[in-house]
Amino acid sequence: MAKLINEGRTRIQGEISIGGAKNSILPILACTLLTNKTVRIKNCPKISDVNNMLNILKTLGGSYYFEGDSLYVDTAKAETYVMPPDLSRELRSSIFMLGSILARFGQACCVYPGGCEIGNRPIGLHLSGLKMLNVSVIEEEGSIICNGENMEGTAIHLDYPSVGATENLMMAASGAKGKTIITNAAREPEIEDLQAFMRKLGFNVTGAGTSTIEIDGKLDIEVPDVVDHKIISDRIVAGSMLCAAAICGGNLNVKSIEPLHISSTLSKLREAGCNLDIGKSNVHISATDRLKEIRMIETLPHPGFPTDMQALLFALCTVADGTSIIVENVFENRFKHAPEFTKMGAVITQRDRTAIIRGVKHLRGAHVTAQDLRGGAALVIAGLAAWGYTTVDNVEFIDRGYERIEDMLNSVGANITRIN
Ligand code: EPZ
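Structure representation (structure tokens):
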């Protein structure tokens, strides 16, 4: 397992560009099964979750190649509807292949998905939605066997605005006869990106970004031989880089982003005393030497504060001048970074989904272990400001969602070495 060694007491300054969104490219790769045309995707992040997803498409009979900064995907020859168990267990997003495989083949077979262990990660909303589309679902010995040869459009209300369930059902519904309306749908920007991509494939999908999404199964436009799509910027990587500057009194311009997608994070950075100059597609942050107290952070579905930014703001709270309360409402086990921060000198009290953090003047370098993707990134960012060396183990978790995080940070003043 690789590790990152961080010299600490860094001052982050300069300019950084953000790449494509992990949580947008993954459902869009699943969605390539809905066309036999070649798809050209720009701004695809070079992260391990993408490699896993591309390997799943390959085992289904699809093919892909990179040319310059474009990824070309062709699933015209895809011929099997059985997902490879080993790869499916690697990542959560394998579960929303169900919807696209069903729409393509009328049948699908997969195992329970993997992904970061930040909670139970149930899939009941996915499966109940598929059943409402007239899909028969048999769960046996850890496998899920679906028959959707006669899917019919219907009205589906999600008990919780699940991102993955919304995406899965959007894709499944594209293979159903008639119209499907999903209410209480997730409103994340990645859902809007998936809708934009589905519309380029010829599907009549509307409403993404709101709680009500309509999908009409029939194709209604002439689709070009090569479908072009540029993935939206990764709002969580953007927020992570802003936090890197914030925690060490830095001065950083973060480019190629959509500031509107990170307004809840920007609001917290302002509360912490950072100066923000917000442009059309960039944010310039300059931070004070000591962050002010951030009283309360509660994670919620979009447009509320994103759970994926919780660990990064947690890092800022450990050194802010005051006491912060963080409530993690979305996942039941997403404070695994807390004990790691304690090793660095943070003062934390945790009860279930609530963490109370009393800021200290500075963290001390320590040997810590990433427990999941965003918690791992938060430990690296905390190490920037810590006094002394910080070693972060299990860097593979971080590589799932960040393109070599050490290169990004070293390009703006950090001193981080990867040891494989
Ligand atoms: C997506 O996960 C993201 N992953 C996660 O990002 C993100 O944290 C999450 O959405 C919330 O924004 C991808 O897009 C690949 P959910 P997903 O379904 O779809 C419960 C990262 O770090 N739920 O919205 O799995 C679930 O237990 C990752 O980039 C059910 O109860 O999230 C959780 O409490 C981590 N039943 C809540 O909903 C279901 O059938 C939110 O889950 C499905 C979900």
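Numbering of the sequence shown is given in this note's numbering, commencing with residue -16 and proceeding in unit increments. Glycine included, every Cβ here is placed at the ideal spot set by N, Cα and C.
request  = Kindly provide the ranges of any alpha helix (DSSP H) runs that are 4 or more residues long and lie completely inside the stretch 184 to 244, ordered along the chain.
outcome  = Annotation: the stretch 184 to 244 contains the following complete segments of the alpha helix (DSSP H) (minimum length 4 residues), in chain order: 218 to 230.
request  = Spell out the partners DSSP gives Ile174 in its beta bridges.
outcome  = Ile174 pairs with nothing; no bridge assigned.
key: Span of the beta strand (DSSP E) around Glu73   = It is not in any beta strand (DSSP E) - Glu73 carries neither H nor E in the DSSP assignment.
inquiry  = Along the chain, where does the beta strand (DSSP E) containing Asn258 start, and where does it finish?
reply    = Taken as a continuous stretch (DSSP letters only), the beta strand (DSSP E) holding Asn258 covers Asn258 to Ile261.
inquiry  = Which same chain residues end up closer than 6 Å to Gly232 when comparing Cβ atoms and leaving out the 5 residues on each side of it in sequence?
reply    = Apart from sequence neighbours up to five positions away, the residues of its chain that approach Gly232 with a beta-carbon distance below 6 Å are Ala270 and Asp272, ordered along the chain.
inquiry  = Any heavy atom of the ligand EPZ inside 7 Å of the beta-carbon of Asn6?
reply    = Yes, the Cβ of Asn6 comes within 7 Å of a heavy atom of the ligand EPZ.
message = Between Val33 and the ligand EPZ, is there a pair consisting of the residue's CB and a ligand heavy atom that are separated by less than 7 Å?
response = Distances from the CB of Val33 to the heavy atoms of the ligand EPZ are all 7 Å or more.
query = Can you name the start and end residues of the alpha helix (DSSP H) that Phe88 belongs to?
reply = Run containing Phe88: Met80 to Phe88, per the alpha helix (DSSP H) assignment.
message = For a test of your reading of the model: does the CB of Asn103 fall under 7 Å from any non-hydrogen atom of the ligand EPZ? Yes or no.
response = Because some heavy atom of the ligand EPZ lies under 7 Å away, the Cβ of Asn103 counts as near it: yes.
query = Whose CA, out of Glu276, Gly136, Leu184 and Asn6, lies closest to the CA of Asp291?
reply = Nearest option by C-alpha distance: Asn6.
request  = Helix, strand or coil for Lys25, going by three-state DSSP, please let me know.
outcome  = Here DSSP, grouped into helix, strand and coil, assigns Lys25 to strand.
inquiry  = Please state the DSSP three-state secondary structure of Glu132.
reply    = DSSP places Glu132 in coil when its eight states are reduced to three.
query = I think Thr374 touches Ile(-12), with their Cβ atoms under 8 Å apart; what is that distance to the nearest whole Å?
reply = Yes, Thr374 and Ile(-12) are in contact; Cβ-Cβ is about 5 Å, under 8 Å.
message = Is it the case that the stretch 301 to 313 contacts the stretch 375 to 393, given that we only count it when at least three CB pairs across the two stretches are under 8 Å?
response = These segments do not touch.
task = Return the CA-CA distance between Tyr48 and Cys257, expressed in angstroms with no decimal places.
result = Going from the Cα of Tyr48 to the Cα of Cys257 covers about 42 Å.
ask   = Out of curiosity, what's the CA-to-CA distance linking Glu315 and Ala397?
value = Glu315 and Ala397: Cα-Cα distance of roughly 33 Å.
Simplified DSSP assignment, three categories, for Thr374 = Three-state DSSP puts Thr374 in a strand.
request  = Identify which residue in Ser157, Thr195, Ala228 and Ile196 has its Cα closest to the Cα of Leu202.
outcome  = Taking only the C-alpha atoms, the option nearest Leu202 is Ser157.
key: Any non-hydrogen atom of the ligand EPZ closer than 7 Å to Glu73 Cβ   = Taken from the Cβ of Glu73, every heavy atom of the ligand EPZ lies 7 Å or farther away.
Per DSSP, the bridge partner or partners of Met279 = In the DSSP output, where bridge partners are listed per residue, Met279 has Ile308.
inquiry  = Checking 8 Å against the spacing of the C-beta atoms, do Leu252 and Leu295 come in under that value?
reply    = Cβ distance not < 8 Å, so Leu252 and Leu295 don't count as in contact.
message = Taking the alpha carbon of Val220 as the reference point, which residue from Val266, Glu197, Asp199 and Asp211 has its own alpha carbon closest?
response = Selected option, being the one with the closest Cα: Val266.
inquiry  = If contacts are defined as beta-carbon pairs under 8 Å, then Leu108 and Leu141 qualify, I think. What distance do you get, rounded to the angstrom?
reply    = Indeed they touch by this definition, with Cβ atoms about 6 Å apart.
The ligand NAP heavy atom lying under 7 Å from the CB of His350 = In the structure on display, the ligand NAP does not appear, and the ligands it does have are the ligand EPZ.
Arg357 beta carbon near the ligand EPZ (any heavy atom closer than 7 Å) = Within the cutoff, so yes.
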